[in-house]
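Following: one structure in structure tokens, then a few remarks.
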Amino acid sequence: MTVELAVMIPVLVAIAVIAMNAMLFFSECAAFDRLARNAVRVFATSPAYGEDTSQSCAAALDAIEEGMGIADKNYLEASVSVASESFGQKRFRATLRFTPTLFGMGLKSSVFGVSLPQLEHSTELVVDVYKPGVLF
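Residue numbers for the sequence shown follow numbering that gives the first Met the number 0, so the first one is 0 and each next one is one higher.
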């Protein structure tokens, strides 16, 4: 019985680490989807006078990082980019990168020479940016 237990404990710990990382990633993705869309909707649709889309991206990124508390979570990175679409619309893409953890502690970025990839989740929103004083 002890031999079976000694063999199964590392397997159970590995399964627990994988399950914990999956649940943490899913919960962070759910919060990120909500916060990213709200930030783009607030900051990108009606920029301040003289503000361009790169400043809107920076403001949206600041709102996302503050809302998710990314400064306290060393396993998360966020970014916001913008691309032009037809008829003056802009496509804002917010990306969240997740580095797997060992119950909150950081893991090595490579094991036996094999690099561990980051998980990435993106959401996009196409908006028509309001331009004050422009008729079309």
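C-beta: ideal position from N, C-alpha, C; glycine also.
Between Phe25 and chain C, is the shortest Cβ-Cβ distance under 8 Å, so that the two count as touching? Within the model displayed, chain C is absent; a lone protein chain is all it includes.
Quick one: grab the DSSP three-state call for Glu50. For this step, residue 50 is matched to residue 51 along the sequence shown. Three-state DSSP puts Glu50 in coil, outside helix and strand.
Return the chain-ordered list of same chain residues with a C-beta closer than 7 Å to the C-beta of Thr44, the five sequence neighbours on each side being excluded. Counting from 1 along the sequence shown, the entry for residue 44 is found at position 45. Contacts found: Val126, Val128, Tyr129.
Should Leu34 go down as buried or exposed, given a rule of 16 or more other Cβ atoms within 10 Å for buried? Reading the sequence shown from its first residue, position 35 is the one you call residue 34. The residue in question, Leu34, is buried, as its Cβ has 16 or more Cβ neighbours within 10 Å.
So, under 8 Å CB-CB, Leu221 and Pro99 are touching, yes? Tell me the CB distance rounded to an integer number of Å. Given that the chain is displayed from residue 0 to residue 135, the structure contains no residue 221 and the question cannot be resolved.
Contact check, Val39 vs Ala59 under 8 Å by CB: the rounded distance? The residue given as residue 39 occupies position 40 in the sequence shown. The residue given as residue 59 occupies position 60 in the sequence shown. The Cβ separation is near 5 Å, so the contact holds.
Just confirm the distance between the C-beta atoms of Thr94 and Ala82, as a whole number of angstroms; I'd bet it's less than 8 Å. As a position in the sequence shown, residue 94 is number 95, starting the count at 1. As a position in the sequence shown, residue 82 is number 83, starting the count at 1. Actually they do not touch by this definition, with Cβ atoms about 13 Å apart.
Please classify Glu84: does DSSP put it in a helix, a strand, or coil? Walking along the sequence shown from the start, residue 84 turns up at place 85. Coil.
Would Glu123 pass as a contact of Phe86 if the rule is Cβ separation under 8 Å? Taking the sequence shown and counting its residues from 1, one reaches residue 123 at position 124. Taking the sequence shown and counting its residues from 1, one reaches residue 86 at position 87. Cβ atoms of Glu123 and Phe86: not closer than 8 Å.
Taking its Cβ as the centre, do 16 or more other Cβ atoms sit within 10 Å of Ile8, making it buried, or is it exposed? For the purposes of this step, residue 8 is identified with residue 9 of the sequence shown, where counting begins at 1. That one is exposed.
Closest by C-alpha distance to Glu65, when choosing among Tyr48, Phe97, Glu3, Ala30: Counting from one through the sequence shown, the residue named residue 65 turns up at place 66. It is Ala30 whose Cα lies nearest to the Cα of Glu65.
CB of Asp51 to nearest heavy atom of the ligand NAP: below 7 Å? For the structure depicted, the ligand NAP is absent and the ligand set is empty, with no information on it obtainable.
One or two residues paired with Glu76 in a DSSP bridge: For the purposes of this step, residue 76 is taken as the residue at position 77 of the sequence shown. Partner(s): Arg96.
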